[in-house]
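Protein chains in written order, with my numbering: chain A, 2 to 211; chain B, 23 to 185. For every residue, glycine included, the Cβ atom is placed at its ideal position computed from N, Cα and C. Following: one structure in structure tokens, then a few remarks.
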Amino acid sequence: MEKKALTSQWKLNLGFSFFILMLIVLLLQVSIQLTLLFAVSLALGFTLQKSRFCFTSAFRDPLLVGYTTLTEALILLLAISIPGFAIVSNVAGILHLPLSLYVTPFGIHTFVGGILFGIGMVMAGGCASGILMRIGEGFAMQMIAFAGLMIGAILGKYSLPYWRANFGEAPGIFLPDIIGWLPAVVLQLLILFFLWKVTRWWKRKLNGVG
Amino acid sequence: MRNKVQIIYKGPWAYWVGAVVLAILNMIVLIVREMPWGITTNIEAWSVWLGSNMGLLHDEGITFKQLMLSDGTYLNMGVILGAFWGTLAASQARFRHMKNRKFVISALIGGLLMGYGARIASGCNIGLVLNGIASSSLSGWLFTIAVFIGVWLGSKILLRFLL
Numbered sequence: 002m003e004k005k006a007l008t009s010q011w012k013l014n015l016g017f018s019f020f021i022l023m024l025i026v027l028l029l030q031v032s033i034q035l036t037l038l039f040a041v042s043l044a045l046g047f048t049l050q051k052s053r054f055c056f057t058s059a060f061r062d063p064l065l066v067g068y069t070t071l072t073e074a075l076i077l078l079l080a081i082s083i084p085g086f087a088i089v090s091n092v093a094g095i096l097h098l099p100l101s102l103y104v105t106p107f108g109i110h111t112f113v114g115g116i117l118f119g120i121g122m123v124m125a126g127g128c129a130s131g132i133l134m135r136i137g138e139g140f141a142m143q144m145i146a147f148a149g150l151m152i153g154a155i156l157g158k159y160s161l162p163y164w165r166a167n168f169g170e171a172p173g174i175f176l177p178d179i180i181g182w183l184p185a186v187v188l189q190l191l192i193l194f195f196l197w198k199v200t201r202w203w204k205r206k207l208n209g210v211g
Numbered sequence: 023m024r025n026k027v028q029i030i031y032k033g034p035w036a037y038w039v040g041a042v043v044l045a046i047l048n049m050i051v052l053i054v055r056e057m058p059w060g061i062t063t064n065i066e067a068w069s070v071w072l073g074s075n076m077g078l079l080h081d082e083g084i085t086f087k088q089l090m091l092s093d094g095t096y097l098n099m100g101v102i103l104g105a106f107w108g109t110l111a112a113s114q115a116r117f118r119h120m121k122n123r124k125f126v127i128s129a130l131i132g133g134l135l136m137g138y139g140a141r142i143a144s145g146c147n148i149g150l151v152l153n154g155i156a157s158s159s160l161s162g163w164l165f166t167i168a169v170f171i172g173v174w175l176g177s178k179i180l181l182r183f184l185l
């Protein structure tokens, strides 16, 4: 990649590390929870950058260039997260700790929003997390995309009531409520396994014998 | 051995390693925050605050202090700073210019569509694809199918107008 003629940036790195440390110390005065979340999200940003993990590529590359490794990694991420969230949620329930999962109502706007989001992330070269990560990497393109994201978010916020009023909205469906925890987890893992098989098949189909 | 240590801070890591680490960190967010990681709700709040301070939007009563005490702010800021730290650790930090003018328009329109889509669907790839599905919610699966269709359409646009 960009190996040639790179001067070491260790001084800058040291300065930046000190700046982060100061931020963390400052934040500790405010709230331990915020400090922990800040630390974890630093790790998230670092991990996204180091592994070049990109949701946009995971969706796009099989279609555009027949490359599926990242898609398979996304399936793996989901396959760990489903049972992981199930365990965390159940343990929290047993210990009577407050914890809410992300079960949102849906309607036509969920679908329309998803399609617009999909078009947008291919055009902008990254989804929301991808944009944040690439701003950190110094890409001018995603800084502009971020401005678009902010304007779009405002427009979206103010038009959501119209979508709800005109097309209705169904309450969120939490699969474990309907079929129970274990069947819900197993069913979703089976769907992921099927998607993984399709991905492998797609790769073989596009790249010849594989 | 030295090479292996170097890979940790220089990268790139294998995708599956990224997936496993992200899964663990995402679960830590769930435990600490008592709700899943999300990105665009906070971006929306900042945008509305900015818009109302510029006099463009009706004041929604969001204050700067509220935003600075919101966990979403630190989650988003952390991702940006963490990624910057990643490039710095590998001595690759620099400003990256755009190669082509038409990408300015593409980025702006793409960002707009994404922001709009995420806010009417109540989530992005993190909030709905990853954490909607991880929460065993039907909305997550529906949104994911729609995103896939959108990406397919977007790839057609990309091939036709941009590449």
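Counting the other Cβ atoms within 10 Å of the Cβ of B/N64 gives 16 or more, which makes it buried.
Sorting B/I142, B/L135, B/R182 and B/K124 by C-alpha distance to the C-alpha of A/G108 places B/I142 at the top.
Looking at the DSSP output, B/R118 shares a beta bridge with A/F140. Taking the beta carbon of B/W35 as reference, the chain A residues within 9 Å of it are T48, K51, S52, R53 and F54, listed in sequence order. Cβ-Cβ separation between B/L175 and A/G137: approximately 29 Å, too far for a contact (criterion under 8 Å). A/S18 counts as exposed, since fewer than 16 other C-beta atoms from the protein chains shown sit within 10 angstroms of its C-beta. At least one beta carbon of chain A lies nearer than 9 Å to the beta carbon of B/I167.
In the assembly as shown, B/V173 is a buried residue. Its beta-carbon has 16 or more other beta-carbons within 10 Å. At a cut-off of 4 residues, the continuous stretches assigned as alpha helix (DSSP H) that sit fully inside the region 64-127 of chain A are 70-95 and 109-125. In chain order, G154, S157, S158, S159, L160, S161 and G162 make up the part of chain B whose C-beta sits under 9 Å from the C-beta of A/V104. Considered as a whole, the region 141-179 of chain B harbours 153-156 and 160-179 as its complete alpha helix (DSSP H) runs of no fewer than 4 residues, in chain order. For A/S90 and A/Y103, the gap between their C-alpha atoms comes out near 11 Å. Ranked by Cα distance from A/L38, the first of B/S92, B/S69 and B/W71 is B/S92.
Note on B/W71: 16 or more other CB atoms within 10 angstroms of its CB, so buried under the neighbour-count rule. Across the region 97-120 of chain B, CB contacts with chain A closer than 8 Å involve L97, N98, M99, G100, V101, I102, L103, G104, A105, F106, W107, G108, T109, L110, A111, S113, Q114, A115, R116, F117, R118, H119 and M120, in sequence order along the chain.
9 Å or more divides the Cβ of B/G145 from the Cβ of A/T8.
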